[in-house]
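Numbered according to the working numbering, the sequence shown spans residues 24 to 570. Ideal placement from N, C-alpha and C gives every residue a C-beta, glycine not left out. Note that the structure is predicted; figures quoted are calculated from it, not measured.
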Amino acid sequence: MPAREDQKSEQEETIEVLYPSSRCSFALSSPDTKVSVRLRDAPGLRGSCAVTASRSLLLSQDFGDFSQKAAKLIRREEAAARKESALRRARKQEISQQLYEEVKRAAIRNQRKMFICTSLIISVLLGLIIFGTAAVHRDVQLLMFDGPQGPEASGFAAAVVVVWCLAMGCVSVLRAAADDATASQLQAAVRAAHPELHSYEEQGAGIAVQVDFENDSENQDSRVWIFGIFYGAPPFVGFFCAYLISSRLSEDGHTLAMLIIWSPAMVLVCFVLCSMCVNGLAKCRSGFDSAKAISAMIQPAKEDLNQAVLQTNQRTIVFEGNVLPGRHTVSSWPGKYESAWDSLVAGARNDDISAAVVFLPEGSEHFGLHDPIPSTMDLCDLSGGCWCVPLYGEPKPWGCRWWSRWIANIEKAVQLGATLEVYFFDGKKGQGKVADFTAAGAEHLRREQIFRRKADFGKSEGFLRALSDGLDHLSKERGPDGSSPFSREEHRLFLAWLPEEERQFLDHSEGLGNSQKAEVAWLERKGYHYLEKEVSELADSSPTAMG
24 MPAREDQKSE QEETIEVLYP SSRCSFALSS PDTKVSVRLR DAPGLRGSCA
74 VTASRSLLLS QDFGDFSQKA AKLIRREEAA ARKESALRRA RKQEISQQLY
124 EEVKRAAIRN QRKMFICTSL IISVLLGLII FGTAAVHRDV QLLMFDGPQG
174 PEASGFAAAV VVVWCLAMGC VSVLRAAADD ATASQLQAAV RAAHPELHSY
224 EEQGAGIAVQ VDFENDSENQ DSRVWIFGIF YGAPPFVGFF CAYLISSRLS
274 EDGHTLAMLI IWSPAMVLVC FVLCSMCVNG LAKCRSGFDS AKAISAMIQP
324 AKEDLNQAVL QTNQRTIVFE GNVLPGRHTV SSWPGKYESA WDSLVAGARN
374 DDISAAVVFL PEGSEHFGLH DPIPSTMDLC DLSGGCWCVP LYGEPKPWGC
424 RWWSRWIANI EKAVQLGATL EVYFFDGKKG QGKVADFTAA GAEHLRREQI
474 FRRKADFGKS EGFLRALSDG LDHLSKERGP DGSSPFSREE HRLFLAWLPE
524 EERQFLDHSE GLGNSQKAEV AWLERKGYHY LEKEVSELAD SSPTAMG
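Shown next as structure tokens:
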């Protein structure tokens, strides 16, 4: 059975902890010894068995319906953990998808800038070729290589060929910008540029003509046509102009000039074929890849990537409250209930729930910022360079800007006559408060100091013995409250390892999150009435899903 059971011989008051796949032995002090069992996570779930002789007892057979009830409770907990895990994955995928779309927009903008610039250059070069063709058609003497104008004719022909080669080079840039190899290089560069983009995927060829904004699909076909025109125009225009010039020369019987006009095109074709072979060999032998140069031009700048992360966080994770008139207002919430928090935020953004709570995580605009304590008479008993000191006892890297925003939301809710609501851990309503607001920082520091001793606890004989007895067989899948069977048992063992005073201090602290303790103390300091609720009481939340 994947849970923890206390097995107790009531006459001797001997208590043993059984972990999955473990067993224990005890001596009978009398012929009618009674053995009882209960779940550590649900002490009210019990079973008992009278032992009249030395024999083996099985939890699944000898303790009445204890096994069936325990198995049902465990299955329900496992189902809640699976659901919570699925919700977390879905939320993470949603945020990642929005972030990747933001990055893709930046990449597409850069690529379209390259596409526009390259297309303009191609247009100018093709214009020069067409202008030269028209000039030759008007005055065939411009290409008379065997007369006194031979040097000028050679220079004119060379200029036309160079212009055409430049246009074809621009075509190769267009091709590379929409190539799968360039997309792969871009994908690798973006992943390496920012840790939050480690799973970024580029779709590959054709990015320059992809749909990147909403309601933009009607322009996709036109972009495809424009891209195709500029991609195919240089070779078509070049060969067509060469055909027109050769036709004009053949009319006057200038065969040599006609051959000279077509020879660069034939040489160019041979050169392209040879260069393709050489580039292929170079890529195989030295890893050279022209796609790297193109991808470097397309890749969004570091500032653009940071801005994409910031904007995505602002839309998905950051929450600065939404106080609505005439509603009960959520004024304090335990952050460890992640999926319930997501439901709360979603409801608040849809104006279904009034909430004064604030969340400014790492990566948000105001993360790490500190606000000073106002110099007013009612706050003269508070000390510190910023709100972090009364909240946490010392400045913290995440800052205290969130606290200023939270106070503003609370004041707005009070002015609107809202009923404030404070949500406690499930089963811990009214518990976990600090003595008063001035004690919040000191108590926070004390908790941190105690929890730093967990490293020593992990090396203790009792914890190592529990691991050997089967503690590590407990599930580590986190449920709706962020805990798992393993983490809860580990915490119980840690409390038992601590001195009595510290154990009682931590036990009395259960019920509110760290920041919540200061929030509730502030409401009481201001004299604001609030309703005490548990997380499972949030509107539209399922008690089963809450654990």
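- Contact annotation: the stretch 381-401 does not touch the stretch 482-493, with fewer than three C-beta pairs closer than 8 Å.
- In the structure shown, residue 60 adopts extended strand secondary structure according to DSSP, grouped into three states.
- Excluding residues up to 5 positions away in sequence, 346, 379 lie with their Cβ nearer than 8 Å to the Cβ of residue 435 in the same chain.
- Residue 439 places its beta carbon 7 Å or farther from that of residue 323.
- In this model, residue 478 and residue 55 are separated by some 44 Å (Cα to Cα).
- In the three-state scheme derived from DSSP, where H, G and I count as helix and E and B as strand, residue 532 is classed as helix.
- Three or more beta-carbon pairs separated by less than 8 Å link the stretch 442-460 to the stretch 542-561, which places the two stretches in contact.
- For the 7 Å CB-CB criterion, residue 125 and residue 331 form a contact.
- In this structure, residue 455 places its C-beta atom within 7 Å of the C-beta atom of residue 533.
- Of 42, 37, 38, the smallest CA-CA separation from residue 493 is found for 42.
- Runs of the alpha helix (DSSP H) lying entirely within the stretch 472-541 and spanning at least 4 residues, in chain order: 477-480, 484-492, 508-520, 523-532.
- Pairing residue 381 with residue 344 gives a Cβ-Cβ distance under 7 Å.
- Residue pairing from DSSP places residue 382 in a beta bridge opposite 342.
- A contact is defined here as three or more CB-CB pairs under 8 Å, and the stretch 96-111 meets this definition with respect to the stretch 499-516.
- Excluding residues up to 5 positions away in sequence, 464, 467 lie with their Cβ nearer than 7 Å to the Cβ of residue 415 in the same chain.
- Around the C-beta of residue 398, fewer than 16 other C-beta atoms lie within 10 Å, and the residue is accordingly described as exposed.
- Apart from the 5 residues on each side of it in sequence, residue 388 sits with its Cβ closer than 8 Å to the Cβ of 333, 337, 341 in its chain, given in chain order.
- Around the CB of residue 99, fewer than 16 other CB atoms lie within 10 Å, so the residue is classed as exposed.
- In this structure, residue 452 sits away from residue 361, with a CB-CB distance that is not shorter than 7 Å.
- Distance from residue 64 to residue 526 at the Cβ level is roughly 19 Å; contact not present, criterion being Cβ atoms closer than 8 Å.
- Unbroken beta strand (DSSP E) runs of no fewer than 3 residues, entirely contained in the stretch 93-166, are not found.
- The three-state reading of DSSP puts residue 430 in helix, counting H, G and I together.
- For residue 435, the three-state secondary structure derived from DSSP is helix.
- Taking a 10 Å sphere around the C-beta of residue 522, we find fewer than 16 other C-beta atoms and assign the residue as exposed.
- Inter-residue distance for residue 89 and residue 44 is about 17 Å (C-alpha atoms, whole angstroms).
- If you look at residue 69, you'll find it in the beta strand (DSSP E) that goes 69-74.
- Going by beta carbons, residue 187 and residue 139 fall outside the 7 Å limit.
- Within 10 angstroms of the beta-carbon of residue 542 lie 16 or more other beta-carbons, which makes it buried.
- For residue 431, same chain residues with a beta-carbon under 7 Å away, outside a window of 5 residues either side, do not exist.
- The shortest C-alpha to C-alpha distance from residue 359 to any of 449, 121, 410, 377 is the one to 449.
- Boundaries of the alpha helix (DSSP H) harbouring residue 362: 361-372, taken from the DSSP string.
- By DSSP's assignment, residue 194 forms no beta bridge with any residue.
- Assignment of residue 551 by DSSP, reduced to helix, strand and coil, places it in the coil class.
- Secondary structure note for residue 412: its alpha helix (DSSP H) is the uninterrupted segment 411-415.
- Taking 7 Å as the cut-off, the beta carbon of residue 118 is found closer than this to the beta carbon of residue 339.
- Collapsing the DSSP output to three states places residue 332 in a helix.
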